[in-house]
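Below is one structure, written out as structure tokens, with a few remarks after it.
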Amino acid sequence: MRILGVDPGLNITGYGILDSEGDAVSIIEAGVIRTVTKAPMAERLRQIASEAESIIRQFKPEAVAVEELYSHYGHPKTAIIMGHARGVIFLKAAEADLSLYPYASTRIKKSLTGNGRASKRQMQLMITSTLGLREIPDPPDVADALAVALCHCRAMMHDYPGMTA
């Protein structure tokens, strides 16, 4: 199964594409969508939408895994902005008739490190080790996107035994 993991953000949206067959997971592509910070929000969302659509068209994932919004943000504006970027990803997944799976950040972290409160650095190191990467994914948004995709792979194997994610 091919999974697109997304770490949505207005400035930087991380993405990672994994192929999973049984216990074997391989990385196909990973990177970021960067928007022009001084551009109007509508233009930035259009850019995220356009690039997400291009990624979906090029790599043909079978599912999209996205980090859930935090309900405990100390800065509600941050949650609202992330929600805009997340909504664009949801729209592009729906337009491509892809199943979408949201995961809480604590579940993502726990599935990789065993600790739902792992730091960004711990997540980067675990992704590097688990996927056999030569370098630590940078910026951290790339590691976060790969982590949500890997979380989905593991969830599919655990929640639906016998199903290859």
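If you use this note's numbering, the sequence shown closes out at 182, no skipped numbers anywhere.
Even glycine gets a Cβ: it sits at the ideal position worked out from N, Cα and C.
How would you write the range of the alpha helix (DSSP H) that residue i sits in, first residue to last?
i      : result
ILE125 : 122 to 130
ARG151 : Looking at the DSSP string, ARG151 is not in any alpha helix (DSSP H), and its letter there is neither H nor E.
LEU108 : 93 to 112
SER67  : 58 to 76
List the DSSP bridge partners of residue i.
i      : result
PRO184 : Absent from the structure is residue 184, since the part of the chain shown begins at 18 and ends at 182.
GLY22  : GLY33 and ALA82
ILE44  : LEU35
Using alpha carbons as the reference points, say which of the options lies closest to residue i.
i      : options                           : result
GLU46  : ASP24, ILE29, PHE76 and ILE153    : PHE76
THR257 : THR130, ARG134, THR145 and LEU117 : The shown model of the chain, from 18 to 182, leaves out residue 257, and the question about it has no answer.
ALA110 : ILE73, LYS127, THR54 and ALA172   : ILE73
ALA172 : LYS137, LEU86 and PRO119          : PRO119
GLU112 : ALA69, ALA121, ASP24 and GLY131   : ALA69
ALA56  : LEU27, VAL83 and SER71            : LEU27
Spatial neighbours of residue i within its chain, please: CB distance less than 6 Å, with the 5 preceding and 5 following residues excluded, ordered by chain position.
i      : result
ARG19  : ASP36, PRO78 and GLU79
LEU21  : ILE34, PRO78 and VAL81
VAL42  : LEU35 and CYS170
HIS175 : none
LYS127 : GLY133
Please list the terminal residues of the continuous beta strand (DSSP E) segment that includes residue i.
i     : result
LEU35 : 29 to 38
Among the residues of its own chain, which have a CB less than 8 Å from the CB of residue i, if the five just before and after it don't count?
i      : result
LEU108 : ALA66
Given 8 Å, three or more beta-carbon pairs between the region 60 to 74 and the region 96 to 107: yes
Counting Cβ pairs closer than 8 Å, one from the region 158 to 174 and one from the region 25 to 45, do we hit at least three? yes
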